[in-house]
Amino acid sequence: MNADPLELQKFSDLAHRWWDPTSEFRPLHEINPLRLEWINNIAPLAGRNVLDIGCGGGILAESMARKGANVTGIDLSEKALKVADLHSLESGVQVRYELISAEAMAAREPGAYDVVTCMEMLEHVPDPAAVVHACATLVKPGGHVFFSTINRNPKSYLFAVLGAEYILRLLPKGTHDYAKFIKPAELAQYIRNAMLDLKGLKGMTYNPLTKVYSLNQDTSVNYMVAATRPAKS
């Protein structure tokens with residue numbers, strides 16, 4: 001299975017705090033409106049069948065369902081999925097959650113989704129290229145795939161590891177492994193190898209003075225990628 005047991009345990013231990021906007025997951029709550037609108041502007045979600053891979057406690061999955069999408073969320077953390085299910089019941093926002101890997105889902109439901117999202121996950125798995133390939137299999141011809149991850153360079157180590165985990169304490173220490181960060185060119189190659197077309201690249205930055213995240217063209221640390229599966233001729 002394409003998963004790191006230590007990574008799964010790390011997020012499982014924090015699962016009960018997933019929906020606390022002041023917890024270790026505060027950055028996810030703060031960036032979610034930005035990534036949601038970026039996705040929705042490219043691929044309007046209303047009425048679409050959407051798969052959120054590595055959904056965790058369901059922050060993005062629920063927000064896409066609120067936009068009118070028919071959302072399925074998958075993850076390999078049973079505790080996180082239980083939190084997601086419970087919150088869905090409390091909020092009344094319907095999302096189908098399942099404990100399954102992206103690769104297993106791709107074997108079972110190829111070409112089943114209009115939109116596939118895989119956000120803040122690739123830097124936590126042993127073989128990110130395999131996840132990208134699974135996403136390409138899961139999306140329908142003409143459908144959209146979205147990724148977000150962290151660049152690998154000295155600046156990203158300074159900001160995403162030292163800054164976010166040790167100085168600003170936005171994230172728990174050990175959240176990220178710098179060696180698993182992915183350069184945009186590397187992700188672009190995974191996307192091309194999976195027979196997807198790269199359509200867009202967007203950076204996301206954090207201002208420690210204003211404590212505000214924003215989307216821009218700076219992909220040196222956090223970035224998002226939009227891709228499509230070519231439509232059948």
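According to the working numbering, the stretch in the sequence shown is residues 1 to 233, in order.
Glycine included, C-beta positions come from ideal geometry on N, C-alpha and C.
Remember, it's a predicted structure, so these values are computed and weren't measured experimentally.
Pull up the DSSP beta-bridge partners for residue i, would you.
i	result
Val212	Asn207
Ser148	Met119, Met224
Asp197	Thr228
Asn70	Asn49
Val139	Tyr113
Lys202	Met224
Reducing DSSP to helix, strand and coil, say where residue i ends up.
i	result
Leu76	coil
Val93	coil
Leu99	strand
Lys155	helix
Lys180	helix
Lys173	coil
Arg17	helix
Ala43	coil
Phe25	coil
Asp85	helix
Ala3	coil
Gln9	helix
Pro128	helix
Gly54	coil
Gln217	coil
Can the beta-carbon of residue i be found closer than 9 Å to that of residue j?
i	j	result
Met64	Asn41	no
Tyr223	Thr149	yes
Leu51	Gly73	yes
Ala84	Gly54	no
Leu28	Pro172	no
Phe147	Ala43	no
Ala80	Ser12	yes
Ser23	Glu62	no
Pro128	Leu187	yes
Gly47	Trp18	no
Glu109	Leu76	no
contact_flag[the region 90-109, the region 28-44] where n(CB pairs < 8 Å) is 3 or more: Verdict: no, contact absent.
Three-pair Cβ contact test at 8 Å for the region 88-95 versus the region 119-134: No: the two stretches stay apart, fewer than three of their Cβ pairs being nearer than 8 Å.
Using 8 Å as the Cβ pair cut-off and three pairs as the minimum, do the region 211-230 and the region 139-149 touch? At 8 Å Cβ cutoff, the stretches touch.
With three or more C-beta pairs closer than 8 Å as the rule, is the region 170-188 touching the region 149-162? By the criterion of at least three beta-carbon pairs nearer than 8 Å, the region 149-162 is in contact with the region 170-188.
Tell me whether the region 213-222 and the region 126-137 touch, counting them as touching only if at least three CB pairs, one residue from each stretch, are closer than 8 Å. Contact annotation: the region 213-222 does not touch the region 126-137, with fewer than three C-beta pairs closer than 8 Å.
If we count Cβ pairs, one from each stretch, closer than 8 Å, do we get three or more for the region 181-196 versus the region 210-218? Counting C-beta pairs closer than 8 Å gives fewer than three between the region 181-196 and the region 210-218, which falls short of the contact rule.
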